[in-house]
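Chains as they are written, first to last, in the working numbering: chain A, 4 to 343; chain B, 4 to 343; chain C, 4 to 343; chain D, 4 to 343.
There are 4 protein chains.
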Amino acid sequence: MPGASTRLTGIYTPNLVPLDSRGEIFESELRRYVDWLIDRGVHGLYPNGSTGEFTRFTVEERRRIIEIVADQTAGRVPILAGAAEANVKETLRACEYYHRLGVRAVAIVAPFYYKLSPASVYAYFAEIGKNTPIDVTLYNIPLFASPIDVPTVQKLSENFEKIVAIKDSSGDIPHMIRMIMAVRPNRPDFSFLTGWDAALMPLLLIGCDGGTNATSGVVPEITRKLYDLTLSGRLDEARKVQYDLVTLFDSMLFTSEFPNGFRAAAALRGFNLGEGRQPMSPEQKVDLAALSRTLQCLLSEHGFTDQPVGGCPVPGQVPDRGEIDAIVRNVVAELKRRGV
Amino acid sequence: MPGASTRLTGIYTPNLVPLDSRGEIFESELRRYVDWLIDRGVHGLYPNGSTGEFTRFTVEERRRIIEIVADQTAGRVPILAGAAEANVKETLRACEYYHRLGVRAVAIVAPFYYKLSPASVYAYFAEIGKNTPIDVTLYNIPLFASPIDVPTVQKLSENFEKIVAIKDSSGDIPHMIRMIMAVRPNRPDFSFLTGWDAALMPLLLIGCDGGTNATSGVVPEITRKLYDLTLSGRLDEARKVQYDLVTLFDSMLFTSEFPNGFRAAAALRGFNLGEGRQPMSPEQKVDLAALSRTLQCLLSEHGFTDQPVGGCPVPGQVPDRGEIDAIVRNVVAELKRRGV
Amino acid sequence: MPGASTRLTGIYTPNLVPLDSRGEIFESELRRYVDWLIDRGVHGLYPNGSTGEFTRFTVEERRRIIEIVADQTAGRVPILAGAAEANVKETLRACEYYHRLGVRAVAIVAPFYYKLSPASVYAYFAEIGKNTPIDVTLYNIPLFASPIDVPTVQKLSENFEKIVAIKDSSGDIPHMIRMIMAVRPNRPDFSFLTGWDAALMPLLLIGCDGGTNATSGVVPEITRKLYDLTLSGRLDEARKVQYDLVTLFDSMLFTSEFPNGFRAAAALRGFNLGEGRQPMSPEQKVDLAALSRTLQCLLSEHGFTDQPVGGCPVPGQVPDRGEIDAIVRNVVAELKRRGV
Amino acid sequence: MPGASTRLTGIYTPNLVPLDSRGEIFESELRRYVDWLIDRGVHGLYPNGSTGEFTRFTVEERRRIIEIVADQTAGRVPILAGAAEANVKETLRACEYYHRLGVRAVAIVAPFYYKLSPASVYAYFAEIGKNTPIDVTLYNIPLFASPIDVPTVQKLSENFEKIVAIKDSSGDIPHMIRMIMAVRPNRPDFSFLTGWDAALMPLLLIGCDGGTNATSGVVPEITRKLYDLTLSGRLDEARKVQYDLVTLFDSMLFTSEFPNGFRAAAALRGFNLGEGRQPMSPEQKVDLAALSRTLQCLLSEHGFTDQPVGGCPVPGQVPDRGEIDAIVRNVVAELKRRGV
């Protein structure tokens, strides 16, 4: 039986997809982005995730994205390839194709649109677990897709050795503890990854192996640093970085339509992401420009970019209460809207 | 300005897709099913809806389904073609194609997976409304997709004459009243259709124009009769039929994974639907067989099929309280699970 | 067995409680309000409901409210007295006391704060049903209290003849149909009342016996008229009144903290309600004043009050789109906030 | 300005209330329980919390509970007294009374039954903050009461120095981080306590000061040990204790009506709790007996009690998969039912 040493660990970047002026995949920029992420120390790449807007691409485009990322990575870091398609048969075809491309594993979100029962979620992944040629990571994101509950994860892990990990984006720490307790005794090689950057440090401390964290596509230096500080037990420093990461994460996640905040922030790091495929109203474009300015200040505090023209609030100086209130209120309103 | 007389009205059947033993579209059975539905008086057909499991087919299969239904219908009844694809550009391509096939209108569900804000839902449909060559029905199903709220429907109806209707599957009657009040004064030609069979009669009475009702794919005679009785003001009779329809609807909707209950019931009406594309556990198959027996009794009460071998509870006879309790509890548990 | 003729029917007003300048029960104004409601044709009164803010009064005050209402009514109309207290024993004490005061029945909300399972909700009402000296109306308001599901209503109605009715404020019409189907065959005397004014007409048409409707505390003439038009089958007229009632109901319910909108509107009808017991921020007081002006225009359209100084938008005139949008957006935002 | 050194810290026990055979407060047993808890090292007591079923007692009984606990404690540990009453005036009266009894602070839950907006929650606590003679802990439990959001906590902490802490039972770690970031810079003396035992260790690690944890009323030794191990940085040991605490917490919380599981477990520790005030069905009593046996095995593993007659599954031995599955499924079903 494989042991803990074979687990997927570390920070996998759920990477964004740059688009050109016609809205098509911007291949050269995607290749440049892959290099930049690897250079900054992310442990792996995770194309075709939610951050990568997999549902907004065609079947052919999704395959093209993996081809480009795999080719550019050239084995420097492992790749976790999002492989969910319209049904089991199509998903298995994607698994086979990505296997031939040499990726480390695929990640498959639970069926979405329809809200399936645990029995159906099990049956879906069982069919995949039985037939996949490549290791599979379950992807639990109850905000968007049918939830994968603890007994389902337990049974899948016991019955299908090709199912080797779960990425959980619920952000619910007791839930993660329950999964680890249910699975680890029988599958020491099974890996637990979190997609909720706002709780990365505490999740690592209670037993997670790593994360697929959208912030690592924008500030890979910070996400990686948080991972390293936490694992080396420098908790006071880690706590401060975790707080900073919450501020960044909230700004990018809650003040615009996901993943536009992350796209705007990656643009500030020097990438030409283009316009996303989900249309925006003129007001939303104005809001995104304002968010971009706020993000620029946050990034400049860490030396990742210059301050915007006109400058930023001086850290330590008494901040404008009204402005901060407005941001906090927006965040809270969005949290509510999304049922978080 | 077009008036009320041009509205889409009546019962549109969101038809199921028969699959053959290999899981492929069973064309001859689909053609036979189309004829059967038209013969039983449904006012229109609605392929590629939620009941038609549009998300479980490939792009090519979705087009093939519309081709078959349009060809077989041959203009006898209008067709509302589900046209949602991965993004605006792909959706517009589907609109153009279905326009060339001569369907009456398309129906487009709000973006799903990601939960979009009203501004984004507006921007999405505005892009479509601006560029579609064919009339568009908005499709609001908040249980599965981003909700389309009242101000969004109002603005879309005012700004895009190609947007001509909304299908609402929320089942929320005050919500329907609010939409009608917000839209009708400026758009007397705009049509309001409900997808919630359990409230068809009261929704027609407060101003709806019709429905896209999954029950009409199984018992088109009953759904059509309810529509006719309600419109002709025979309310005491209509109420009884509505109650029967709730019993049928609940049995098909809540005691198995949607739309398997409807598929099982349509099989009892003589169609070879095959196995659905979402895998089932052995327990689920047993449950579906038990449901099928219950449905057969319900259908035989109305003369639509023979009783199952072994017979049914005699109507009027004291029923087995335990069995009924079990059904009621299942329904209630399912209602809760789905957040209804 | 009692038959349908003994059912509670008609419109019961869940009456507001006027407070004096010290925040105490304003007895003379409450007496004047009771007379006014009875004069305008409501079929019954329902003190100590949610509209009457029962949770914000002490045990002694709740009793005092019933004493005053019962004394002032003097048998002219039946009274449904809210009797929920801290636990079964205290609730039974209230039942006994209100019984001695001669009220027609009590209404008891399911336990709140803790979210109880159906088994516990049943056990709670069973204990009451066994020991109450007075008829009991179950009160289902899942937004605020533990839900009372269909099997629970069915079992309670079968086992306890003192349980004679349910008031349901879910506004869910199929749910009401399911309850009626489950209960009526065995209990033709059992009454179904709705607390959701926005769906009063369709609920009466599918079989409800009446309502406990907060709008009837403000515009008893309209609520009563809607009831009469619906029961006499004048559906085109009823529909128009139902639409108007939705506009009024939404304005009072969703643009301020419940039941402040109803209190503000009752003040416009000439009653001195005083300030509610839940404190308001200065901004909320300004908002309530603005709402009061909107309500005054709505009421003046029906001749119930003068227009506010400065006048109202002329009906039929093109309304200010921005202002209406703002109201609609507020309503929608509130609907979302409340999870409706 | 007071500094971090004055913060409330440590484990406060939200203690249960023993009832005698007539269902009245069992004073001598409550006194014995208080001594036992203090002897086992809890840092403080928290009577009249949710675990103490404050809503099921009368005003007089709630005061009597604090009198007994305060008298028995006699200053050995600080007391946090739940003080929520029907309205602001009544709540302030309770604050004054408990102040005279010498408790350290009161805890006040946000208004419940009605779901209030943030503005109203602020107005409610502002009125209290302005007039209280005693330090106040805000109590946020969004599952049962109106939520207290981050900007509300921030503004209350800035404007009212008598508001000194928040107890948060959401279990949402990023939410706790957001609160700490919003409040600490201006109020280093403000304390953050968690009520969600299943995440106690990670919450302490990201900056919480302590907890009001129901498990400490049953296994004060374990909760205290987890606190000590975490604060002293012995994380590998702490993690194991946290896992054990999740198992215990889930068993007591999710397999019976809250807080009956905690009452059953405290009985196993030797206290005569009596029957709770919320009635139970016969089936529920059987379930509770089965739960009690499971709990006895869990407690006996830690040496807190003997094994039940018939013994327990031997740790390490292959457990009965079906039985465990059943427990896990129950827990998961309950989690879903409660919307967790």
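By construction, the Cβ of each residue, glycine as well, lies at the ideal position given by its N, Cα and C atoms.
Please decide whether N90(C) counts as near chain D, where near means a Cβ-Cβ distance under 7 Å.
yes
Notebook entry, point to check: Is I69(A) closer than 7 Å to A84(A) when the C-beta atoms are compared?
Noted result: Contact flag set, yes.
- Message: Between P352(B) and chain C, is any beta-carbon pair separated by less than 7 Å?
- Response: Any property of residue 352(B) remains undetermined from this structure, which presents chain B solely from 4 to 343.
* For R242(C), count neighbouring C-beta atoms within 10 Å of its own C-beta (all shown protein chains included) and say buried if the count is 16 or more, exposed if not. => buried
Checklist entry - Quick one: what's got a C-beta closer than 8 Å to N162(D)'s C-beta in the same chain, skipping five residues either side? => result A129, G132
* Contact between the stretch 7-23 of chain A and the stretch 45-65 of chain A (3+ Cβ pairs under 8 Å) -> Yes: the two stretches touch, three or more of their Cβ pairs being nearer than 8 Å.
Are T218(A) and F252(A) touching if we call contact CB-CB under 7 Å? yes
Which of the three DSSP states, helix, strand or coil, is assigned to T357(C)?
Because residue 357(C) is not part of the residues shown, which for chain C are 4 to 343, the question remains open.
DSSP has L48(D) in a bridge; who is on the other side?
In DSSP, L48(D) forms a bridge with T16(D), I82(D).
**Prompt:** Going by alpha carbons, who is nearest to L353(B) out of K170(A), F115(A), I166(A), T308(A)?
**Reply:** Residue 353(B) is absent from the model: chain B starts at 4 and stops at 343.
Could you tell me if S235(A) is buried or exposed, where buried requires 16 or more neighbouring beta carbons within 10 angstroms of its beta carbon?
Counting Cβ neighbours within 10 Å, S235(A) comes out exposed, since fewer than 16 surround it.
(request) Whole angstroms is fine: what's the gap from T305(A)'s alpha carbon to D290(B)'s? (result) Before going on, a small fix: residue 305(A) reads as His here, not Thr. Whole-angstrom Cα-Cα distance: 58 Å.
What separation, rounded to the nearest whole angstrom, lies between the Cα atoms of D231(A) and I209(A)?
15 Å
- Whose CA, out of R35(B), S24(B), N216(B), R272(B), lies closest to the CA of Q245(B)? For the residues R35(B), S24(B), N216(B), R272(B), the minimum Cα distance to Q245(B) belongs to N216(B).
**Asked** For chain C, is any of its Cβ atoms less than 7 Å away from the one on L232(B)?
**Response** no
task: Would you please state the rounded distance, in angstroms, between the beta carbons of V109(A) and P282(B)? I believe it to be under 8 Å.
output: Not quite, the Cβ-Cβ distance comes to about 18 Å (not below 8 Å), so this is no contact.
Could you check whether the Cβ of L205(B) sits closer than 7 Å to any Cβ belonging to chain C? Leu is not the amino acid found at residue 205(B); the sequence shown has Pro there. At least one beta carbon of chain C lies nearer than 7 Å to the beta carbon of P205(B).
So which residues of chain B does L119(A) contact, with C-beta pairs closer than 8 Å?
-> E260, Q281
DSSP on A202(A), reduced to helix/strand/coil?
helix
Start and end residues, alpha helix (DSSP H) containing I176(D):
176-186
Subject >> Buried versus exposed call for P177(D) [16 or more other C-beta atoms within 10 Å across all chains shown] >> reply: buried
Completely contained alpha helix (DSSP H) runs for the stretch 231-274 of chain A, where each covers 4 or more residues | 238-257, 263-271
| field | Straight-line gap, R65(A) to T54(A) (C-alpha atoms, nearest Å) | value | 13 Å
>> Just to confirm before moving on: does the CB-CB distance between V112(D) and Y142(D) stay below 7 Å?
In response: yes
Can you name, in chain order, every residue of its own chain whose Cβ lies under 6 Å from the Cβ of R190(B), other than the five neighbours on each side?
S160
Tell me which residue opens and which closes the alpha helix (DSSP H) that D74(C) is part of. From DSSP, the alpha helix (DSSP H) with D74(C) extends over 62-76.
- What is the rounded straight-line gap between the Cα of V153(C) and the Cα of S259(B)? 19 Å
- request: State the CB to CB distance for the pair L301(D) and S254(D), rounded to an integer number of angstroms; the pair is presumed to be in contact (CB under 8 Å).
  value: 6 Å
Below 7 Å on C-beta distance, what does Y246(A) contact in chain D?
I180, M184
Keeping to the same chain, check which residues put their C-beta closer than 8 Å to that of V321(D); ignore five residues upstream and five downstream.
Model confidence at V321(D) stands at a pLDDT of 42, short of 50, so the residue's coordinates are unreliable; what they give is reported in the following sentence. Answer for V321(D): no residue qualifies.
* State the DSSP-derived secondary structure class of K118(C), mapped to helix, strand or coil. => K118(C) falls in the coil class under three-state DSSP.
Q: Return helix, strand or coil for N162(D), following the three-state DSSP convention.
A: helix
CB of E30(A) within 7 Å of CB of I82(A), strictly
no
Problem - Boundaries of the alpha helix (DSSP H) in which I111(A) is found, first to last residue - result: Unbroken run through I111(A) is the beta strand (DSSP E), 108-112; no alpha helix (DSSP H).
inquiry  = To the nearest angstrom, how far is the alpha carbon of I144(D) from that of W199(D)?
reply    = Counting only the Cα atoms, W199(D) lies some 10 Å from I144(D).
**Request:** Give a yes or no on whether the minimum CB-CB distance between V249(D) and chain A is below 7 Å.
**Result:** At least one chain A Cβ lies under 7 Å of V249(D).
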